[in-house]
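Worksheet for the structure shown next.
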Amino acid sequence: MIKVIIADDHKLVREAWNLLLSRDKRLSIIAICENGFQVIEACKTLSPDVVLMDINMEPISGIDATKAIREFTDDIRIIGISVHTDLPYVNALMHAGANGYVTKNSSGEEMIRAIMLVMDGQQYFCKEIVDILGAV
Numbered sequence: 001m002i003k004v005i006i007a008d009d010h011k012l013v014r015e016a017w018n019l020l021l022s023r024d025k026r027l028s029i030i031a032i033c034e035n036g037f038q039v040i041e042a043c044k045t046l047s048p049d050v051v052l053m054d055i056n057m058e059p060i061s062g063i064d065a066t067k068a069i070r071e072f073t074d075d076i077r078i079i080g081i082s083v084h085t086d087l088p089y090v091n092a093l094m095h096a097g098a099n100g101y102v103t104k105n106s107s108g109e110e111m112i113r114a115i116m117l118v119m120d121g122q123q124y125f126c127k128e129i130v131d132i133l134g135a136v
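Residue numbers (UniProt numbering): 1 to 136.
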């Protein structure tokens, strides 16, 4: 079973990802965090396999939370989630140590695919980002 932490500052988004991902028997949602502080602490105490990390959280952004997590482990897979499709956001998160990037326009099915691929050691970019990268 893949242990997942969901980190997003919007309650509806957290609940939606929880509902969608809980349907997959391979996944176990072990924590739901509403800010960067909570996700860093949850990673230290719960040792998740994957974190779904919103980029825009306060007071610690998902980018800074990713950097903080990378200071104590490389074992946790981190997938950025954002409304942003701008490449500077993608690059900043990946440079911070993330393993993938999925926009909030993506489906639950695509997020599950992202989780499985990063667990397999691959990087993952959702179709929306791949299309933008291909156009550059």
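Note that the Cβ used here is the ideal one computed from N, Cα and C, for glycine as well.
If you're wondering where the values come from, they're calculated on a predicted model, not measured in any experiment.
Within the 9 Å Cβ cut-off, does residue i reach chain D?
i	result
ASN56	The displayed structure is made up of one protein chain only, and chain D is not part of it.
Identify every residue that forms a DSSP beta bridge with residue i.
i	result
ASP9	Partner(s): none; ASP9 has no beta bridge.
GLY108	Answer is none; GLY108 lacks a bridge partner.
THR103	SER82
SER22	DSSP lists no partner for SER22.
CYS126	BP columns for CYS126 are empty, so no partner.
LEU117	LEU117 pairs with nothing; no bridge assigned.
Just how far apart, CA to CA, sit residue i and residue j?
i	j	result
LEU133	TYR124	13 Å
LEU21	ASP86	26 Å
ARG14	ARG70	23 Å
VAL83	HIS10	12 Å
GLY80	ASN99	8 Å
LYS3	ALA114	14 Å
ILE55	ALA68	14 Å
ALA96	PRO48	18 Å
ILE5	ILE60	16 Å
LYS44	ASN35	15 Å
Please tell me whether residue i and residue j are closer than 9 Å, where the distance is taken between their beta carbons.
i	j	result
VAL39	ALA65	yes
TYR89	CYS126	no
ALA92	ILE63	yes
LEU46	ALA7	no
MET1	ARG23	no
State the DSSP-derived secondary structure class of residue i, mapped to helix, strand or coil.
i	result
ALA98	coil
THR45	helix
ARG70	helix
ASP132	A quick correction: the sequence has Ile, not Asp, at residue 132. In the structure shown, ILE132 sits in a helix (DSSP, three-state: H, G or I).
MET57	coil
ILE76	coil
Pair every Cβ in the segment 113-121 with every Cβ in the segment 63-76, then say whether three or more of these pairs are closer than 8 Å.
Output reads no: the segment 63-76 does not touch the segment 113-121.
Is it true that the segment 31-46 meets the segment 97-116, where meeting means three or more beta-carbon pairs spaced less than 8 Å apart?
These segments do not touch.
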